Amino acid sequence: MSIYERWGVRPIINASGTVTRLGGARMPEQVLAALRQAAEHSVPLDVLQAAASRQLAEQTGAEAGLVTGGAAAALTLGTAAILAGHDLGRMERLPDCRGFPHEMVVAREQRSGYDHAVRAAGARLVEVGFNEIVSNAGVRRTEAWEYEAAFRSETCGVLYVHAPHSQPPLVEVVEVARRHGLPVLVDAAGELPPRRHLRDLLAAGADLVAFSGGKAIRGPQGTGILCGRRELISSAALQMLDMDDHPQLWHPPEDLILRERVAALPRHGIGRGLKVSKEEIVALLVALELFTSGKYDEQLPLYREWLEAIGQRLADCPATCRLAEPAQPGRWPLLEITLATGNPVSAFEVCRRLREGDPPVHVGHGRLADGKLVVDPSCLRDEDVAALADRLRTELLRARGTGGERPNTSPTRQRP
Ligand SMILES: *Cc1c(COP(=O)(O)O)cnc(C)c1O
């Protein structure tokens, strides 16, 4: 029995990967041990964040870094740093940006629900470009000159969302932004692995990059990383850390906070609600060490074995299984299960039945419209694999014959 059941919450089999909605990654033993050990002492958080900054700098090539309450918090803090710099008046007023530049230019095709985190700091997004391939109206996507054409005195920076096929390339966007002295904030929350992205996006000239700590890094779900230029990280730290101290006693660590840049001790900033605990900071640092060491790659052969075993178990089902090879180094294969055409039950319905059955199973749901269920092995436990294969087999066999009637989804129902 799991601890969750004390409150009537049923653990699921997570075949969907490190998605936030399902609790993110499962932390490795060393990370859990770090959480526990960190809880045994008290430490000043600014001193701990300064130490974190040094490790983040070493592992990303950035000048400095900050452990944040998730990549979304990193986006809010990075935006706050761009908006306010070390201006105490601006820090105090955010998210009210009246009277100073607060437009962030972003490609229309890179907008998503996550940019709420950027707007939350007070920035206004100004969209440029089109994806005429998606709209089936042409062959072109957003081009770098379109950013430049949108820059004006109200512009404070550029938001760039990194994805395997993002256009225009980051280097081109950095080049136009640099020409106008504007910083580029990159959302790379889910862009790990490959490990080299930890360094490459900064090397391409990004001023700030946000990563999730609770996805492939396998730190606590509530953590993220903001790394980049020292001056911006200093401002972000000032706007997140608790500021309840006497001005005459305030002595922040020099390698995190540029004390001489602020006229006085700011009050709690816009990021005060995005705080991270000492335990989370330490656990994230340990997880990042494991991630960058390549230790997680040792599990890749096991993932493959699991997926092959599941595929074999589904051999007599009205579906085709295909092991989709990873497109990037350090990523893992996925099992794509395509429902046979002619099944009376849709992939959406099979997905729903899997979620509502016993034990509940959540599979990758990104390709349901193409009739595909996707099994991501990265959050599975050894003991889940047989039960997952059984549940998939049961629901796929039922998909052949039940003619779309509502399934019996009570936890006690019999397997056919
Ligand atoms: C997951 C994700 C985020 C949010 O990351 P958190 O660490 O959950 O805050 C932001 N942007 C993108 C593109 C993501 O995939």
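Residue 11 is where the sequence shown starts when you use this note's numbering, and the numbers rise one by one after that. Ideal Cβ positions, reconstructed from N, Cα and C, are used throughout, including at glycine. Bear in mind the structure is a predicted one, so any value in this text is a computation, not a measurement.
Item                                                                                                                              : Value
Met11 in three-state terms, based on DSSP                                                                                         : coil
Contact under 7 Å by Cβ, Ile22 with Pro370                                                                                        : yes
Between the CA atoms of Thr30 and Gly200 - distance to the nearest angstrom                                                       : 11 Å
Val219: first and last residue of the uninterrupted beta strand (DSSP E) it sits in                                               : 218 to 222
Cβ neighbours of Pro105 in the same chain (closer than 7 Å, five flanking residues each side left out)                            : Ala130, Ala131, Gly132, Ile280
Distance cut-off 6 Å: Thr30 Cβ against heavy atoms of ligand 1                                                                    : yes
Contacts around Ala159, its chain only, beta-carbon distance under 7 Å, and the 5 residues preceding and following it disregarded : none
Those residues which DSSP pairs with Gln170 across a bridge                                                                       : Note on residue identity: the sequence assigns Tyr, not Gln, to residue 170. Tyr170 pairs with Val196.
Residues that DSSP places opposite Arg134 in a beta bridge                                                                        : Glu113
Distance cut-off 6 Å: Ala133 Cβ against heavy atoms of ligand 1                                                                   : no
Paired residues, beta bridge with Lys382 - DSSP                                                                                   : Thr348
Touch test, the region 217 to 229 against the region 295 to 309, Cβ-Cβ under 8 Å, three pairs minimum                             : yes
Straight-line Cα distance separating Gly238 from Glu289                                                                           : 23 Å
For Gly27, three-class secondary structure by DSSP                                                                                : coil
Presumed contact (8 Å Cβ cut-off) between Leu180 and Leu195, rounded CB distance                                                  : That belief does not hold up - the Cβ atoms of Leu180 and Leu195 are roughly 11 Å apart, past 8 Å.
Alpha-carbon to alpha-carbon, Pro203 and Pro339                                                                                   : 7 Å
Option nearest Asp125 by Cα separation, candidates Ala187, Leu58, Ala82                                                           : Ala82
Contact between the region 336 to 354 and the region 306 to 320 (3+ Cβ pairs under 8 Å)                                           : yes
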